[in-house]
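Asker:
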Amino acid sequence: MTGNPPIGSHWARTGGQPRIAVIGAGMSGIGAVIKLEKAGYTDVTVFEKTGEIGGTWRENRYPGLSCDVPSYFYQYTFAPNPDWSHRFSYGPEIQAYLKRTAERFGVMPRIRFNAPVTELRYEAPRWHLRAGDGEAEVFDIVIAATGVLHHPSVPDFPGLDDFRGTAFHTARWPENLDLTGKKVGIIGTGSTSAQIVGAITDQVARVSLFQRTAQWIHPLPQKRYGERWKGLLRRIPALNRAAYRGVSFTIDQTFVRATLGSPVMLRYLAWMCRRNLRRNVPDPELRAKLTPDYRAGCKRMIFCSTFYPAISKDNAELVTAGIDRIEADGVRTADGTLHELDVLVLATGFKASNFILPTRVIGENGVELGSQWDGIPRAHRATTMPGFPNFWMLEGPTGPVGNISLFMISEQQIDNLILSLDEMRAREAVAMAPRQDAFERYNADMARAVRGTIWFTGGCNSWYLDRNGVPNIYPWAPRRFRREMQNPDFSEFRFMRDEAEAIAADRAAAVTA
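The numbering used here applies: residue 841 is where the sequence shown begins, and numbers increase by one.
(1) By DSSP, does residue 1141 sit in helix, in strand, or in coil?
(2) To the nearest whole angstrom, what separates the beta carbons of residue 1439 and residue 1000, a pair I think is in contact under 8 Å?
(3) What is the DSSP secondary structure of residue 1068, reduced to helix, strand or coil?
(4) Under the assumption that residue 1228 contacts residue 1272 (Cβ atoms under 8 Å), give the Cβ distance between them as a whole number of angstroms.
(5) State buried or exposed for residue 1269, treating a residue as buried only when at least 16 other CB atoms are found within 10 Å of its CB.
(6) DSSP three-state label for residue 1100, please.
(7) Taking a contact to mean a Cβ-Cβ separation below 7 Å, would you say residue 1018 touches residue 1168 in this structure?
(8) Just how far apart, CA to CA, sit residue 1113 and residue 1071?
(9) Three-state secondary structure (DSSP) at residue 916?
(10) Can you name the residues that DSSP bridges to residue 1290?
(11) Helix, strand or coil: how does DSSP classify residue 930 here?
(12) Report the rounded CA-to-CA distance for residue 1192 versus residue 997, giving the unit in angstroms.
(13) Measuring straight from C-alpha to C-alpha, what distance separates residue 1054 and residue 1208?
(14) Rounded to the nearest angstrom, how far is the Cβ of residue 927 from that of residue 1077, given a contact under 8 Å?
(15) My output table needs one value for residue 857: the three-state DSSP class, helix, strand or coil.
(16) Return the chain-ordered list of same chain residues with a C-beta closer than 7 Å to the C-beta of residue 1250, the five sequence neighbours on each side being excluded.
(17) Helix, strand or coil, according to DSSP, for residue 1272 in the structure here?
(18) Give every residue of the same chain whose Cβ lies closer than 8 Å to the Cβ of residue 1190, excluding the five residues on either side of it in the sequence, and list them in chain order.
(19) Within the chosen definition, does the stretch 956-972 reach the stretch 1081-1097 through at least 3 CB pairs nearer than 8 Å?
(20) By alpha-carbon positions, which one of 1024, 1033, 1057, 1299 ends up nearest to residue 1043?
(21) Please say whether residue 1087 and residue 1356 have beta carbons closer to each other than 7 Å?
(22) Could you give the first and the last residue of the continuous beta strand (DSSP E) run that contains residue 1178?
(23) Counting only the same chain and skipping the five closest in sequence on each side, list residues whose C-beta sits under 7 Å from that of residue 842.
(24) Would you call the CB atoms of residue 1105 and residue 1115 closer than 7 Å?
(25) Ignore the nearest five residues each way along the sequence and tell me which others in residue 1109's own chain have a CB closer than 6 Å to its CB.
(26) Assuming residue 1258 contacts residue 905 (C-beta within less than 8 Å), just tell me the rounded distance between them.
(27) Just curious, the beta strand (DSSP E) that residue 1173 is in, first and last residue?
(28) Going by beta-carbon coordinates alone, are residue 939 and residue 1183 separated by less than 7 Å?
(29) Could you check the C-alpha separation between residue 1139 and residue 1262 for me, to the nearest Å?
(30) Determine the burial state of residue 1170: buried for a count of at least 16 other Cβ atoms within 10 Å of its Cβ, exposed for fewer.
(31) How would you label residue 854, buried or exposed, when you count the other beta carbons within 10 angstroms and need 16 or more for buried?
(32) Taking the alpha helix (DSSP H) that residue 975 belongs to, which residues open and close that run?
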């Protein structure tokens, strides 16, 4: 690994290579290494907390795991895959694609496995990174590619430790778990829960789904691709690119328009969900329990065609009484009923506001990132933070999420990062960070715009909401985000031209703080 240049001999001035640390070897981390190297930035080290790549597709391995974004849109533009087996890919196939891509582009030798980053400390103009119990290393640039949904959220259920059966969060699914003939309880009704119920009901003796909030569910038009079609894509790669663009356009014109407040598309979305419920749940009493009391699209839309038929089976029960406590033999609900279980599955989601936390990130003013966010994470254009020079986030706060391709968003953010590094080199700058006034103006615009979206007006409590109940999500169309990433306004940033200026800015910020 190339050593850090001495003070006065900075990479942006000498034409050398910046030392770049990427945190996380999931979809964004892999993509960052590949695109950085293509752009000429080759001194890159990836720190991965586990012994395997893949991020969320490594963490999750529950039955029925699949992606709700079409396969030809859920892939890197530089590595189109003609061999997807289904229109909506299953988890193991996505994980295999990520691993194959990382190996093909030479990413694996750059990864330090089992090296969780515990602290990042900015000492102008560089970052001191500590992984595990090791010594701190110095980097010019830090990229947080830690993703969003990777810190399991487990409510503090009374008596959970008393349960004598097998209990676990969905992101910690035990390998080789056999559910045949078992009584299984599932707490939570999000997308993960819907997929699991649809996958296991025919296998188990009984499944009890504990519902706090009903969900709107759109049918998933799954399809298996034949060998002739896959062979055609291999021979004519342009077809894969056309499929990518076609799916992107369709999502923009339907689901995206609905979430941004289009009355016509909102009505269509609601009609599709109601029709799906009506057609697949014949029991009127069960159908009433499964009918939400908020508008469709307010939460992240669930796309699933197996849940309603499964929950309607004789060996499935929907429990709407609140959970009083967990006992040795199962779950006791507020109506006094004990639901006896062998296995308890916690489909209770993730701490979506953590991002890179709980890694300790200390910026130029000595303030920790976690303290600055205080449960209300924000960023400048979803990638940078004032007071944290040379620090970028991929899939960070206020970025486009929802039922669109995070591959697309991640690639756009990486391209924006590369433009920023090029600008630093052109200006011979040692550090850059967004201006505080630009950050505040941008987030004020977002706060106003988000009030017109279904996430704000739909009347539900979703994981998009921050501690103040405001959706932490991009409120405009994805094409606008693409323009912002492709055409950065560098007047929104302050550039420090030498070490002395960066150190002076650090000290001034500390005095102000």
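Just so you know, even glycine gets a beta-carbon here, dropped at the ideal spot from N, CA and C.
Answerer: So, from the listed chains and residues:
(1) In the structure shown, residue 1141 sits in coil (DSSP, three-state: anything other than H, G, I, E or B).
(2) This structure gives no information on residue 1439, because the portion of the chain shown stretches from 841 to 1353.
(3) In the structure shown, residue 1068 sits in a helix (DSSP, three-state: H, G or I).
(4) No, residue 1228 and residue 1272 are not in contact; Cβ-Cβ is about 11 Å, not under 8 Å.
(5) In summary, residue 1269 is buried, with 16 or more beta-carbon neighbours lying within 10 Å of its beta-carbon over all protein chains present.
(6) Of the three classes helix, strand and coil, the one that applies to residue 1100 here is coil, per DSSP.
(7) In this structure, residue 1018 keeps its C-beta atom at 7 Å or more from the C-beta atom of residue 1168.
(8) If you draw a straight line from the Cα of residue 1113 to the Cα of residue 1071, it comes to about 35 Å.
(9) Coil at residue 916, not helix or strand.
(10) The partner list for residue 1290 (beta bridge, DSSP) is empty, contrary to what the question assumes.
(11) Look at residue 930 here: in three-state DSSP terms it is strand.
(12) So the two alpha carbons sit approximately 20 Å from each other.
(13) Using only the alpha carbons, I get a separation of about 38 Å.
(14) Contact between residue 927 and residue 1077 does not hold, since their C-beta atoms are separated by about 19 Å, which reaches or exceeds 8 Å.
(15) In the structure shown, residue 857 sits in coil (DSSP, three-state: anything other than H, G, I, E or B).
(16) Within the same chain, residue 1250 has close Cβ partners 867, 868, 871, 1234, 1235.
(17) Strand.
(18) Same-chain partners within the cutoff: 988, 989, 990, 991, 992, 993, 1011, 1303.
(19) Contact fails: fewer than three Cβ-Cβ distances are below 8 Å.
(20) The candidate whose alpha carbon is nearest that of residue 1043 is 1024.
(21) Nothing about residue 1356 can be read from this structure; the chain reaches only from 841 to 1353.
(22) Unbroken beta strand (DSSP E) run through residue 1178: 1178-1180.
(23) Per-residue confidence for residue 842 stands at a pLDDT of 41, beneath the threshold of 50, marking its modelled position as unreliable; the derived number appears in the next sentence. Excluding its 5 nearest sequence neighbours in each direction, residue 842 has C-beta neighbours in its own chain below 7 Å: 857, 859, 883, listed in chain order.
(24) Cβ distance not < 7 Å, so residue 1105 and residue 1115 don't count as in contact.
(25) Apart from the 5 residues on each side of it in sequence, residue 1109 sits with its Cβ closer than 6 Å to the Cβ of 1098, 1136, 1137 in its chain, given in chain order.
(26) With a contact defined as Cβ atoms closer than 8 Å, residue 1258 and residue 905 miss out at about 32 Å.
(27) Per DSSP, residue 1173 belongs to the beta strand (DSSP E) from 1170-1173.
(28) No.
(29) For residue 1139 and residue 1262, the distance between alpha carbons rounds to 39 Å.
(30) Residue 1170 comes out buried.
(31) Burial check for residue 854: the Cβ neighbour count within 10 Å stays below 16, so the residue is exposed.
(32) Element bounds for residue 975: n/a, residue is neither H nor E.
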